[in-house]
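Asks: Numbering-wise (my numbering), the sequence shown opens with residue 41 and increments by one.
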Amino acid sequence: MFIETLKGIVTTLVTILIFISAVELISPNNKMKKYIKFVLGLILISAILNPILQFISKGQKNISQGIEKYETVFSEKQNKINSDNSNSIDSKEDKNDARKKAFIKNFDENCDNLLKNKYKDMNFKSDVDCDIDFTNINFNIKKLRIGVENNKISKIKKVEINGKGQESTEDDNKEYEDIINFVSDELSVSKDKIEVYKMKE
Numbered sequence: 041m042f043i044e045t046l047k048g049i050v051t052t053l054v055t056i057l058i059f060i061s062a063v064e065l066i067s068p069n070n071k072m073k074k075y076i077k078f079v080l081g082l083i084l085i086s087a088i089l090n091p092i093l094q095f096i097s098k099g100q101k102n103i104s105q106g107i108e109k110y111e112t113v114f115s116e117k118q119n120k121i122n123s124d125n126s127n128s129i130d131s132k133e134d135k136n137d138a139r140k141k142a143f144i145k146n147f148d149e150n151c152d153n154l155l156k157n158k159y160k161d162m163n164f165k166s167d168v169d170c171d172i173d174f175t176n177i178n179f180n181i182k183k184l185r186i187g188v189e190n191n192k193i194s195k196i197k198k199v200e201i202n203g204k205g206q207e208s209t210e211d212d213n214k215e216y217e218d219i220i221n222f223v224s225d226e227l228s229v230s231k232d233k234i235e236v237y238k239m240k241e
């Protein structure tokens with residue numbers, strides 16, 4: 041590509057030089073010859089400058105194209121990085137949610153088994169509400185609701201709250217005070233965070 045361009049420049053210059061020489065040979069020796077030489081000089085300068093200007097123009101175009109290409113590649117990489125980061129964050133949140141659900145399920149099952157071993161004639165259904173910090177390996181129990189099923193227990197008053205048939209927490213806690221004390225001691229949970237209620241039959 042460069043050789044062809046150089047060949048074209050040399051051909052143009054040689055042609056112009058031959059043309060200038062021919063004009064000088066046939067031009068008369070008078071005052072007009074000075075003007076003719078001046079015009080021919082301008083033509084020669086123009087012929088020399090033209091390829092240089094073209095080269096500079098192409099160079100600027102190549103530089104502009106290179107910058108645009110770099111900006112495009114950079115933008116694509118940046119978008120990919122942002123997308124990967126977003127997917128990584130979403131994946132991390134999903135993973136933490138799954139770990140939290142698994143932890144809660146395991147805690148509820150362990151609590152049920154612990155109570156079942158202590159109170160053989162009862163069935164239990166635990167439901168813990170807690171905050172878990174997997175980074176520092178720490179959790180905070182906000183509420184532990186324990187459903188109890190026992191046909192021998194009869195002093196349970198059922199109170200309708202908003203028409204949902206929920207048991208009275210205060211009465212249940214009095215009736216199952218022994219269970220609350222046991223769970224509080226075994227799991228190191230504050231008594232005011234433990235709620236015991238009778239499950240629907």
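Backbone N, C-alpha and C fix where the C-beta goes; we use that ideal spot for every residue, glycine too.
For a test of the three-state rule: what should DSSP assign to residue 229, helix, strand or coil?
Replies: Translated into the one-based positions of the sequence shown, residue 229 becomes position 189. Looking at residue 229 - three-state DSSP - the assignment turns out to be coil, as it is neither helix nor strand.
Asks: Compare the Cα-Cα distances from residue 163 to each of 224, 131, 174 and 154 and report the closest residue.
Replies: On the sequence shown, residue 163 is found 123 positions in, with the first residue counted as 1. Among 224, 131, 174 and 154, the Cα nearest to that of residue 163 belongs to 154.
Asks: Report all residues from its chain with a CB closer than 8 Å to the CB of residue 81; omit the five preceding and five following residues, and keep chain order.
Replies: Residue numbering aside, residue 81 sits at position 41 when the sequence shown is read from its first letter. Excluding positions up to five away in sequence, the list is empty.
Asks: Select from 225, 93 and 236 the residue whose C-alpha is nearest the C-alpha of residue 216.
Replies: In the sequence shown, counting from the first residue as 1, residue 216 sits at position 176. Of the candidates 225, 93 and 236, the one whose C-alpha sits nearest the C-alpha of residue 216 is 236.
Asks: Okay, do the stretch 108-121 and the stretch 131-142 touch, 3+ Cβ pairs below 8 Å being the bar?
Replies: no
Asks: Report buried or exposed for residue 225, applying the criterion of at least 16 other Cβ atoms within 10 angstroms of its Cβ.
Replies: Indexing the sequence shown from 1 puts residue 225 at position 185. That one is exposed.
Asks: Among the residues of its own chain, which have a CB less than 6 Å from the CB of residue 140, if the five just before and after it don't count?
Replies: On the sequence shown, position 100 is the one that residue 140 refers to. So the list reads 172, once near-sequence residues are dropped.
Asks: So the candidates are 188, 47, 147 and 138; which of them puts its Cα closest to the Cα of residue 160?
Replies: Against the sequence shown, residue 160 aligns to sequence position 120. Nearest option by C-alpha distance: 188.
Asks: The beta strand (DSSP E) with residue 69 in it runs from where to where?
Replies: Stepping through the sequence shown from its first residue, residue 69 is reached at position 29. Counting along the chain, residue 69 falls outside any beta strand (DSSP E), and DSSP gives it neither H nor E.
Asks: Does the distance from the C-beta atom of residue 136 to that of residue 174 stay below 8 Å?
Replies: Indexing the sequence shown from 1 puts residue 136 at position 96. Indexing the sequence shown from 1 puts residue 174 at position 134. For residue 136 and residue 174, yes; Cβs fall inside 8 Å.
Asks: Please confirm whether residue 170 and residue 227 have their CB atoms less than 8 Å apart.
Replies: Your numbering for residue 170 matches position 130 in the sequence shown. Your numbering for residue 227 matches position 187 in the sequence shown. Cβ distance not < 8 Å, so residue 170 and residue 227 don't count as in contact.
Asks: Which residue from 64, 53 and 62 puts its Cα closest to that of residue 86?
Replies: If you number the sequence shown from 1, residue 86 lands on position 46. Nearest option by C-alpha distance: 53.
Asks: How should residue 182 be labelled, buried or exposed, when 16 other C-beta atoms within 10 angstroms of its C-beta is the threshold for buried?
Replies: Walking along the sequence shown from the start, residue 182 turns up at place 142. Residue 182 is exposed by the Cβ-count criterion.
Asks: If we ignore side chains and look at the alpha-carbon of each, how far apart do residue 167 and residue 176 end up?
Replies: Within the sequence shown, residue 167 is the residue found at index 127, counting from 1. Within the sequence shown, residue 176 is the residue found at index 136, counting from 1. Looking at the two C-alpha atoms, the distance is approximately 23 Å.
Asks: If I'm right that residue 231 touches residue 220 with Cβ under 8 Å, what's the distance once you round it to whole angstroms?
Replies: Position 191 of the sequence shown holds residue 231. Position 180 of the sequence shown holds residue 220. The pair is a contact, with the Cβ atoms about 6 Å apart (cut-off 8 Å).
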